[in-house]
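>
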Amino acid sequence: MKCSSRLLRKHETCRPKDMSKLNRLFHVLAALLSLGAAIVIVIHAGLPNRSDHSGVPNQNYLIQAPEVDSQAPSFTLPTASARALALEQARGAITIINFWATWCQPCRREMRDLQALYDSHPGRLRILAVNLGESLQAARDWAIQLGLTYDILLDWQGTVASRYQVRGLPTTFMLDPDHIIRRVYYGEVRLDQLLGDLNHLGKKA
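Residues in the sequence shown are numbered consecutively from 34, following our numbering.
1. Would you give the residue range spanned by the beta strand (DSSP E) that D184 belongs to?
2. Between L158 and L231, which are expected to be in contact by the criterion C-beta below 8 Å, what is the C-beta distance as a whole number of angstroms?
3. Pull up the DSSP beta-bridge partners for F239, would you.
4. Name the DSSP beta bridge partners of R216, please?
5. Could you say which of T182, D211, E221 lies nearest to Q148 if we only look at CA atoms?
6. Distance check for R142 and D209, CA to CA, integer angstroms please.
7. Measuring alpha carbon to alpha carbon, tell me which of L234, D184, K237, R173 ends up nearest I130.
8. Helix or strand or just coil, what does DSSP make of Q198?
9. Between which two residues does the beta strand (DSSP E) carrying P111 extend?
10. Quick check on DSSP: helix, strand or coil for L120?
11. In three-state terms, what does DSSP make of R57?
12. Do the region 172–182 and the region 195–205 touch if we need at least three Cβ pairs shorter than 8 Å?
13. Using the three-state DSSP reduction, which class does L158 fall into: helix, strand or coil?
14. In whole angstroms, give me the CA-to-CA distance for E221 and M207.
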């Protein structure tokens, strides 16, 4: 880069590297100011209170994860038998919502345990197994292979999994007859634990 004679006369020297350093310093300061402003906004708005809400926007339009003792977020999904099923249709019975996929090896063991639990509590328990992002044929083949007779639902877009803040598979929710979340299981859950929680919840219902 050549310096103009006018610039040399005014400043005696011309140092473009110094200008580059000043530009970088300016960008760093701008980034720090933006970060500071963001922190101030978060502090002013407040963080989500996860225990007060259940996956639906509050007055500040913050989406919060469902937790124990909160109302389960409602949803409607297609089933593997090509019909629509809403969570509200299961109201009045203890309901288990299980998020799964065919590539999830722990899901295979867990879903067999869920089938055993379902068979031992006819009419008392509803199981909604929500497949995450796979095809209808894959879900059907899986159900046939494992001999599953409870409801298989298809969450192709992941909207319900997002509403329930699912971060890994399997993830399972146990709801009371009023669809209040009473248990959340992250990862594979044992049959004896499911049975114990179900019996405990049945006594309180």
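Note that the Cβ used here is the ideal one computed from N, Cα and C, for glycine as well.
Short version:
1. As a working note, residue 184 is residue 151 in the sequence shown. That run of the beta strand (DSSP E) goes 184–188.
2. Position 125 of the sequence shown, counted from the start, is the residue given in the question as residue 158. Position 198 of the sequence shown, counted from the start, is the residue given in the question as residue 231. At roughly 7 Å, the Cβ-Cβ gap stays under 8 Å, so L158 and L231 are in contact.
3. Because the chain in this structure spans residues 34 to 238, residue 239 falls outside the shown range and cannot be described.
4. In the sequence shown, residue 216 corresponds to position 183, counting from 1. Partner(s): M207.
5. In the sequence shown, residue 148 corresponds to position 115, counting from 1. Out of T182, D211, E221, the CA that lies nearest to the CA of Q148 is found in T182.
6. Within the sequence shown, numbered from 1, the residue matching residue 209 stands at position 176. Within the sequence shown, numbered from 1, the residue matching residue 142 stands at position 109. Distance between the alpha carbons of D209 and R142: 24 Å.
7. Numbered from its first residue, the sequence shown carries residue 130 at position 97. Just measuring C-alpha positions, the residue of L234, D184, K237, R173 sitting nearest I130 is D184.
8. The count along the sequence shown starts at 1 and reaches residue 198 at position 165. In the structure shown, Q198 sits in coil (DSSP, three-state: anything other than H, G, I, E or B).
9. Within the sequence shown, residue 111 is the residue found at index 78, counting from 1. Note, P111: beta strand (DSSP E), 109–111.
10. As a first step, residue 120 is located in the sequence shown; it is residue number 87 there, counting from the start. DSSP places L120 in helix when its eight states are reduced to three.
11. By 1-based counting over the sequence shown, the position of residue 57 is 24. DSSP places R57 in helix when its eight states are reduced to three.
12. These segments do not touch.
13. Looking up residue 158 in the sequence shown gives position 125. Correct three-state label for L158: strand.
14. Your numbering for residue 221 matches position 188 in the sequence shown. Your numbering for residue 207 matches position 174 in the sequence shown. Spanning the two alpha carbons is a distance of roughly 14 Å.
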